[in-house]
Every structure is written in structure tokens, then in C-alpha cells.
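If you read the protein sequences in the order shown, they are chains S, X, W and Z.
All you need for our numbering is the position in the first sequence, starting with 1, plus 85.
All you need for our numbering is the position in the second sequence, starting with 1, plus 85.
All you need for our numbering is the position in the third sequence, starting with 1, plus 85.
All you need for our numbering is the position in the fourth sequence, starting with 1, plus 85.
For glycine and all other residues, C-beta sits at the position ideal for the given N, C-alpha and C.
Quick caveat: nothing in here was measured; it's all calculated off a predicted structure.
Note sheet for the following structure.
Protein chains: 4
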Amino acid sequence: MGIRERKEREREQRRGSILKEAKNLISRNGVEGTSMNQLAESTELNKATLYLYFSNKDDLIDAIVFEALEQLEKLFTLAGLEASTGLIKVMRIAEILFDFYKKHPAYFYTMNHQERRTAAERLETPYAVKGNEKAAVLFQILADCIREGMDDGSIRADVDVRSFLMLFFAHIYGVMQTMYAKADVYEDVLHLDAAIIEGSAREMIAYYVRNPSIGK
Amino acid sequence: MGIRERKEREREQRRGSILKEAKNLISRNGVEGTSMNQLAESTELNKATLYLYFSNKDDLIDAIVFEALEQLEKLFTLAGLEASTGLIKVMRIAEILFDFYKKHPAYFYTMNHQERRTAAERLETPYAVKGNEKAAVLFQILADCIREGMDDGSIRADVDVRSFLMLFFAHIYGVMQTMYAKADVYEDVLHLDAAIIEGSAREMIAYYVRNPSIGK
Amino acid sequence: MGIRERKEREREQRRGSILKEAKNLISRNGVEGTSMNQLAESTELNKATLYLYFSNKDDLIDAIVFEALEQLEKLFTLAGLEASTGLIKVMRIAEILFDFYKKHPAYFYTMNHQERRTAAERLETPYAVKGNEKAAVLFQILADCIREGMDDGSIRADVDVRSFLMLFFAHIYGVMQTMYAKADVYEDVLHLDAAIIEGSAREMIAYYVRNPSIGK
Amino acid sequence: MGIRERKEREREQRRGSILKEAKNLISRNGVEGTSMNQLAESTELNKATLYLYFSNKDDLIDAIVFEALEQLEKLFTLAGLEASTGLIKVMRIAEILFDFYKKHPAYFYTMNHQERRTAAERLETPYAVKGNEKAAVLFQILADCIREGMDDGSIRADVDVRSFLMLFFAHIYGVMQTMYAKADVYEDVLHLDAAIIEGSAREMIAYYVRNPSIGK
DNA sequence: TATGAATGAGGGTTCATTCAT
DNA sequence: CATGAATGAACCCTCATTCAT
């Protein structure tokens, strides 16, 4: 069975290198701008071979999304360790998310690509199911931080937690998207630095959730 | 001379009906998911005919964007009339923007599609130039409201106006995108109503800019 | 009937201005590279209007060819007036033809465009018929010069006149085509000047027909 | 390893058969008159399949041109072997070129099609680069023959070699073009045989370069 | 497992030409 | 006479995907 495990491991490696190259391309050209053709060329594999590892282009995208979620789960978990209050944890997670999106454009692009497929389609594929579960974990981590903040008084008690979960990701997504897509506007027209916008964006979250009776 | 005007009007109507159908399709399938082929079928026009009214697919998209900006300009302008304070005006504009995006998905999709084209490309086409000017007007209206709010004390004085301009649109964009793309998540998983999320999203802006010494 | 003549004259003028603009475009973009669309725009006329003056794109081309032939006829005729010998006349015509082609690229391009249409098609259209007649006149003028040269001893007696007629135009056509299309080759690779090539090309004709017993 | 070579050979064959069919179509309809669509139909291949063998229509044309140049190089090289004088070699090459163009209209059409593309475009594609090199070889072979003729006295010493290189190809090109395009004129109007014209055309070259002190 | 080869469907765009007015 | 509007047919090219081997 050692031989079988080795095979398995090799397969995983090959798969990983495909994913790596895919992320590479997506970082540069976006999801729609990356074709299976290009990917085959970059990986020096045959197009058909790609389909041995991923049943679909969508499946491949899902795999990248899943990878992203896995990494985010780790990062989110670590975020809480050294933080003292719930608010600080939440803000730390925001920071992590921004950094993550900035560092891995491909993850950003893929995570926000699923427009085309209907919810039904999305639920059927095995990968997406796992992805949804992982996403739920992230939600949970963030939710816990919020509730912790309410308990320790750092976060105001009347925050609607479930709304905030969506809002948190949506807000950061919107800002990131703007920073990727509209750099020319804020740089050339408004003469703004990316770091400043991001800082304000994080501040905005803090303003929203922090308990005003405690102070900043 | 009446005849020429009538022709002109008819042409404008035809153009309008093409745009209308385009928005229709885009609402359902997104910008990239809408082809000139489909549009020709939907309008029951020959493909070449479309090119009599729009020199490009991009040009058509630009026209839709411009339409959106025109309407938004009107709406933004009206927003200030009945509002008493700068803060209320800002919030009113946020509300308007949400309503607008909800009512016109196609406007939403098109306005956030120009990512792919480089800044250079965007600046060259005549339509885009006009679009940029219109966008600048919207920015200005919002900026004026903010400053007014600072003057009347409804908005805290240390808001970075230019950052906020980006943030405002980015935030709303992110929330809308999430609501369009992730409806299944917040509905099925979080059992959330869209209106609640939107309410929270608007609140978030208010929390960020309002002058705390005045109170909510 | 004065009114009718004026109308006729106006029509001729309009037609002429269309032709003029067509030649303009063809000079720059070639025959295939010039579309009826462009022509309509340049003339500020409606596309359909063009078809009131020319039943076809081919017809329009034929008209330009005819114009060219008309002008060439004049030039060819004048060529003989001041020349002393048949040889000199022939050489003068060669010079004229080169100058003509250089000055009017559009004439050159159109005259050598009729590849597509079969001989049958070409003979049917009214313009082409007239064109063929004019071409025959040019041939005749050149033939007369040759024969004159044979008589006055400047041209060798054993030239096959009919062959030469074709050869003369073919040779000049080939050289001109090369000069239009391959300028980069002779300039960049061979470091040759256009005037030198043309000079050699004319010389080549002279070498071929002149009576060697007379001397250059 | 045999298997891979066989695959390679099969691919080469398929490629060859596409080229063959392309030449077929071009012979009949010219380069611009031959579409990738038609070619797909003729080869009974899918349109997309063609693009597996040629990245472009231009690339395909370049491949044909290159093929032509390869064959011409062989023919030109052989031409000198049995010939005694430089003049005879030159004339032999002219004969070869005529025969080649007559036998392979597609080669003729493709070789004289690159007018449209600018020099810059032509130099960028890898095929074209190789083509230019091959063309330079042909030029060189001809130049050597000329110089040899000058040495052995068969060609007059005052021929401008570089001019002649251009002239030689231009002349033959012009004649061939005329014979392809104006067959009806010389046949119906002048009652001339193609062979006669070609003979005169070759003679014209000889008249131009031969050393008169030696005699015909 | 991996590949070379192939494909159907569709992408955006442009052409010469012809109506009804 | 002139026009605006329209069109069918064709253009080159690319996509995600699937065979047989």
C-alpha cells in the first residue's frame, strides 16, 4: 500500500502545481481571462490532462476557492490568539482579510466569481459543498469574535450579528474590488494612496461595531 | 424640417429600445454573459444593425453606463432638496444608490464591468470621457454633502473626504454585489432578509461619518 | 433644355467628387481596403446615394480605371509630338507611365485589380467595354510608336510588336508594384534608391527594343 | 519512441494536407478570396482544427510562402550546375521562375500578397523572419550568377547588380501577373499565345544584361 | 495516467447591397 | 434625387470540452 500512497501523493502534487499555475494566470488575467488553453500551456500539460484532475473549469475554480477558504480558516483562527478583546479580534480579522486579498489576487478573483452558476448548480458539485462548509466555519469564527466583543464590552450589544457577517465580507470585498479595478480613479483623480483608503475602510468597520461608551 | 426631427426621434427610440433590451439581458446574464448575438435575437434586429447604433460592444456598455450616471446625477441632486442636514443628505444618497442598483441590475453590472479595459483605453472613447465627467459630478455632489455636514455639525470634522468618496461607493458596491451573488447564502444559511442587510449597510455608513457629540 | 443640361452637369460634378474621394481612399488603403462605407463617410453622402451613381463597387472601380485610361490616352498622344524617333517616343511613354503611376497610386491600384471577375463578367458591364476600347487605343498608340521606330531605324526590326505591347505594360506594372510593396526590401536590405530602380527599369526596355546597329 | 515519431509524422502530414488544400483554393480564388471557412470545408476539418496547425491566417500564408522559397532555393541552386556561363545561368533561373509560377499559382499569389502588412508586422512573426532569410539566399544566388557572368564576359560589366536583383523579380512578377489576370486581353484581343509572351519576357532580360561585344 | 487531435458552438465585427420613404 | 435604416452573409478567431489511443 506504500506504492498506492506514493501515487496518491504524486497526484496531489501534480494537482497542486496545476492549481498554482492557475492562480498565477488568474492573478494576472482574472478568471474569465484565463482559459484552459493557457493553463495547459503554462503547466506544460495536455489540455485533456487538466480534466483528469478537475472535471470542469468551474471545478478548478472551486478548488482554488476551497484552498483560499482553508488558508483563511487558519489565519482567522490564529487571529484570535494574541488579541485581547472581541473588537480587536474582529479588526485583526479584517486586517488579515485585506492582506490576504492583496497578497493573493487570484483568491480574490475566484472567490467572487460565482455569478454565473445558479445556486442549484453550485450546491450540486462536491467541491462547492465542502466550500460552503468551510465558509460556514469562517462565518462562525467571526461570529464568535463579535459575541465575545459583546461580552467583554468592546462591541456594542445591539449589533445584528448575522447581518454583520455578510456586511463584513461585503464591505471588504467592495473596497478590494475598487482598489483593484479603479486604481486609476483614486490615484489620478483623487490623489489618494491605497493604504489610506484601506485604513479608512477598516476604520469604518470599527466605527460600526465598537461600543461607544468604552471609547476607541 | 419636422420630418428630420421625427426621423431623429425615431432613431433615438430605436436606440433606446436596443439599450433597453441590452439592459434586460445584462440583468439576467451579466455583461460578459450577454452577446451581441443574443441581443440581435432579442431585439429581432440583424446583428449588423446593432452596429449602426453602437460602434462596439464596449460602446454599448458605455452608453448604458452613461445612462446610469445621468439618472444618478438627477437623483443625487434631488436628494439634497428636502434634507435638513449634511448627514441626512449623505444617507439619503446611500438609500438612493441602493434603490437604484436594486431596481436596475444592468446598471449595476455595467458600471462595475470596466475593470478589464485599461485606463488608457477607457479614456480614449468619447463616451467614456463623458462618463468620467459625469462620474466626477457625482463625486462632487457627495463631497458637497459631506462638507455641508461638517459645517452643520451633523458629520464629524475629521472625516477624510476624499477617502470617503471611494469608500462610500465601494461599500455599497460590495454589499450590492454580495446581495446579487450570494443571495442563497444569506437566505438559506443565515436566514436573513435582504432589507435587513441593506439597512445595516446603510447604518454602517452613518456610524462612520456622523458626529458622535450630536447623537444619532 | 437648359435646365436639363444643368442637372446633367450637376450630376457629373457629384459623380466626379465621389470618384475623387474614392481615389483618395484607394491611394491610401488600396482597393480591397476601401469600403463603400468609408467612401460614404468621406463624401458625406449616404451609402445608397453612391449606388445612384455607380451600380456597383466594381462599376466604381471601372469608372476610375476608365478615367485613368482617358488621361493616359492624352498623355500618350502628347508624348509623340516633340519626340524625334520611335525609340524616343516609346521611352517617353514609359516615362509617362511611371510618372503617372507614381503620381496616382489609386489609378495604379485600380487598373490592376480585376483579378476576381472572370473575363465574361468583365465584358458584360458597360463601363468595362468602354474601358477595353480605350485600352485598345493605348495599345495602338504604343504600337504605332514601335512601328515608327522600326521605320526610322531606331528600333530593331525583329521586335514582336504584339508581344511587346503586353510586355511593356507588364514590365512597368511589375516594377511599380515592387516599388509600392517592397520598398522596405530595396531600401533597407539593398540600400537602393527608387529612382535608380526606375531608371534601370526604363533602360531595360530600351535595351530590349533599340536597334543595336544604331547605337545607344 | 517510434510512436512519437509516427505521431510527429502524421501531424506533419495533416499539416501538409491543409497546406495543399489551401494552395488549391488560393490557386482558384486568390489569397483574399480564400477564407478559413472555405478551407475548413475543403479539408473537412473543423475551423478550430485549422488553428491547431496555424496560429493565424497570416501564419498559414507565411507557411506557404516559406514552402515556395524552399523549393525555389533548391531549383535556383540546381540551375547553375549544368550551365556554362553566368548569362545562361541567369536565363535558366528566369525560366525556372516562370515555370514555377505557372505551375504553382498559389505560390505566386501568396508571395505577392504581403503588401498589406507593414514591414514591422512582417518582421515580427517567426515564419516571416525565416522567409526573409530564405529570400536573401535567393537574391544571393542570382547575384552570384550575375557576377560570374561579368567575370566570364557573358554579362556586360556595367550592370548595376543590386538594381538588377529587384528588376529581375519585378519584371517576372509583372509578366506573370499580367498573364494570370489579363489572359483574355492577350488572347482575345491580341491573339497572342502565353508562351510567346513569356519567351519575349525572358528575352528582355537577356537583352538587358548580355554583353553585346560577345554577341547573342 | 497522459496525450494529441479534434470539435461544436459561439465570440465580435464588417462587408456590399437594397429597401421604403 | 437622396436618404436613413436595414440586412444576410461572411469574416477571423477562441472557448471549454471530449474523444481514441
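Paired residues, beta bridge with residue i - DSSP
i: Ile240 of chain Z; result: Z:Arg295
Residue i Cβ short of 8 Å to the ligand ATP heavy atom set
i: Pro211 of chain Z; result: The ligand ATP is not part of this structure, which contains no ligands at all.
Any chain X beta carbon closer than 9 Å to residue i
i: His276 of chain S; result: yes
i: Ser140 of chain S; result: no
i: Lys267 of chain S; result: yes
i: Asn217 of chain S; result: yes
i: Glu97 of chain S; result: no
Cutoff 9 Å: residue i Cβ touching any chain W Cβ
i: Thr119 of chain Z; result: no
i: Phe224 of chain Z; result: yes
i: Glu288 of chain Z; result: yes
is_contact[residue i, chain S] using C-beta, thresh 9 Å
i: His256 of chain X; result: yes
i: Pro297 of chain X; result: yes
i: Glu220 of chain X; result: It is Ala, not Glu, that sits at residue 220 of chain X in the sequence shown. Chain S, which has a Cβ nearer than 9 Å to the Cβ of Ala220 of chain X, makes this yes.
Contact set between residue i and chain X, taken where Cβ atoms lie within less than 9 Å
i: Ser285 of chain S; result: Val244, Asp245, Ser248, Phe249, Met251, Leu252, Tyr293
i: Ile111 of chain S; result: Ordered by position in chain X, no residue passes the 9 Å Cβ test against Ile111 of chain S, which lies about 13 Å from the chain.
Cβ neighbour criterion (16 or more within 10 Å) applied to residue i
i: Asn131 of chain Z; result: exposed
i: Lys159 of chain Z; result: exposed
i: Lys301 of chain Z; result: Unreliable placement is indicated for Lys301 of chain Z, whose pLDDT of 47 sits below 50; no coordinate value is reported for it.
i: His198 of chain W; result: buried
i: Ala147 of chain X; result: Strictly speaking, residue 147 of chain X in this sequence is Asp, with Ala absent from that position. Looking at its Cβ environment, which holds 16 or more other Cβ atoms inside 10 Å, Asp147 of chain X is buried.
i: His256 of chain W; result: buried
i: Val150 of chain W; result: buried
i: Glu328 of chain X; result: Since the first and last residues shown for chain X are 86 and 301, residue 328 of chain X lies out of range.
i: Gly101 of chain Z; result: exposed
i: Thr263 of chain X; result: buried
i: Gly234 of chain X; result: buried
i: Asn296 of chain Z; result: buried
i: Leu214 of chain S; result: First, the residue type needs correcting, since residue 214 of chain S is Val and not Leu in the sequence shown. Exposed: under 16 other Cβ atoms inside 10 Å.
i: Glu106 of chain W; result: buried
i: Thr170 of chain S; result: buried
i: Ser248 of chain S; result: buried
i: Leu172 of chain Z; result: buried
i: Ile299 of chain Z; result: exposed
i: Arg94 of chain S; result: exposed
i: Arg177 of chain X; result: buried
i: Gly87 of chain S; result: exposed
i: Gly216 of chain Z; result: buried
i: Ser239 of chain W; result: buried
i: Arg89 of chain X; result: exposed
i: Lys188 of chain X; result: exposed
Chain Z contact residues for residue i, given Cβ-Cβ distances below 9 Å
i: Gln262 of chain W; result: Asn197, Glu200, Ala255, Tyr258, Gly259, Gln262
Contact list for residue i against chain X, beta-carbon separation under 7 Å
i: Tyr271 of chain S; result: Met251
Contact set between residue i and chain S, taken where Cβ atoms lie within less than 7 Å
i: Ile282 of chain X; result: Ser248, Met251, Leu252
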